[in-house]
Amino acid sequence: MKEIQIPKAFQPFLGEKITVNALILVVVFSLGMTLLTLYIAKPLFEALPVLNQVLLILIMIDVYGGIVANFFPSVKAYYDLHPFMKKVFVFLHVHPFIIIWLSGLEFRIAFILYAVIIGSHVLVRLMKKRNHQELLAIFFNLLAAVLIYDTLQPIPAYLSLLLFALFVKLIYGFSVDLIPQKKDEVL
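When we follow my numbering, the leftmost residue of the sequence shown carries the number 4, and every step to the right adds one.
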């Protein structure tokens with residue numbers, strides 16, 4: 004499979020090299036999910052100022068593309084080579100604050116979601132076995148679903164989808180070591 008060199012500015016998102024098929028998958032999934040989200044959001048989204056719409060679309064592309072890209076070995080390898088970036092990656096994702104600000108919702112929602120993201124990431128990273136990380140990540144993603152779709156309502160459906168996708172991207176896609184440390188790793 005042919006690999007292409009990724010420009011330095013995009014390496015934190017895609018790794019240093021990526022196969023053409025993997026890049027196509029990221030682009031198609033990201034744009035497809037963005038279009039689906041916009042379809043769900045149409046009346047509410049159109050009521051937002053144009054600048055807010057543009058910024059939310061960019062966040063959607065980042066979040067949905069990251070869901071797929073964070074599972075690629077090229078991204079994992081990039082962060083293995085840049086351990087400091089691996090430690091701060093999740094902390095830099097202040098997306099809940101930006102999403103909530105752009106949509107005009109209560110900021111307490113952003114604080115709660117960001118705290119859960121950070122806490123989830125830290126606890127998942129404390130687990131040494133990948134299987135334990137996966138189970139804990141699944142638990143935290145389910146907790147996020149309950150918070151987003153029930154406890155913290157009212158959040159519009161399209162933002163609920165985007166915020167839940169952010170959890171999947173960061174907690175399962177990034178925080179879990181997808182490559183086991185040992186072949187015989189068990190619970």
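Built from N, CA and C at the ideal position, the CB exists for glycine as well.
Exercise. Around the C-beta of Gln136, are 16 or more other C-beta atoms found within 10 angstroms, so that it is buried, or is it exposed?
Worked result: buried
Exercise. Is Met4 buried or exposed, if buried means 16 or more other CB atoms sit within 10 Å of its CB?
Worked result: exposed
Exercise. Thinking C-beta only, is Ile21 closer than 8 Å to Phe75?
Worked result: yes
Exercise. Can Ser106 and Tyr67 be called in contact, C-beta distance under 8 Å?
Worked result: In this structure, Tyr67 does not lie closer than 8 Å to Ser106 by Cβ.
Problem set entry | Beta-carbon gap between Leu17 and Ser77 smaller than 8 Å | yes
Problem set entry | Nearest residue (CA-CA) to Phe177, options Tyr82, Ala25 and Ile9 | Among Tyr82, Ala25 and Ile9, the Cα nearest to that of Phe177 is on Tyr82.
For this session: Taking the CB atoms as reference points, tell me whether Leu166 and Ile102 lie closer together than 8 Å.
Result: yes
Exercise. What number of angstroms, rounded off, separates the C-alpha of Ile141 from the C-alpha of Leu155?
Worked result: 20 Å
For this session: Please confirm if the region 47–63 is in contact with the region 104–124, defined as three or more CB-CB distances below 8 Å between the two stretches.
Result: yes
Problem set entry | Among Lys131, Met130, Glu109 and Val97, the one whose alpha carbon lies nearest that of Ile121 | Val97
Exercise. Helix, strand or coil: how does DSSP classify Lys45 here?
Worked result: helix
Exercise. Which residues in the same chain have their Cβ closer than 6 Å to the Cβ of Phe143, if we skip the five residues on either side of it in sequence?
Worked result: Ser123 and Ile174
Problem set entry | N- and C-terminal bounds of the alpha helix (DSSP H) containing Gln14 | Run containing Gln14: Gln14 to Leu17, per the alpha helix (DSSP H) assignment.
Exercise. For the beta strand (DSSP E) that contains Glu137, what are its first and last residues?
Worked result: Note, Glu137: premise wrong, no beta strand (DSSP E); alpha helix (DSSP H) at Arg133 to Val149.
Exercise. If you measure from the CB of Met63, is any heavy atom of the ligand MG nearer than 7 Å?
Worked result: The ligand MG is not part of this structure, which contains no ligands at all.
For this session: Figure out for me which residue from Ala44, Pro15 and Ala148 has the closest Cα to the Cα of Val91.
Result: Pro15
For this session: Using only alpha-carbon positions, find the residue among Phe13, Asp180, Ala168 and Leu162 that is nearest to Phe48.
Result: The shortest C-alpha separation from Phe48 is found at Leu162.
Exercise. Assuming Leu164 contacts Ile64 under a Cβ cut-off of 8 Å, what Cβ separation, rounded to an integer in Å, is found between them?
Worked result: Actually they are not in contact, since the Cβ atoms of Leu164 and Ile64 sit about 14 Å apart, beyond 8 Å.
Exercise. How about Val149 and Leu139: are their beta carbons less than 8 Å apart?
Worked result: No.
For this session: Tell whether a beta-carbon distance below 8 Å holds between Ile112 and Ile158.
Result: yes
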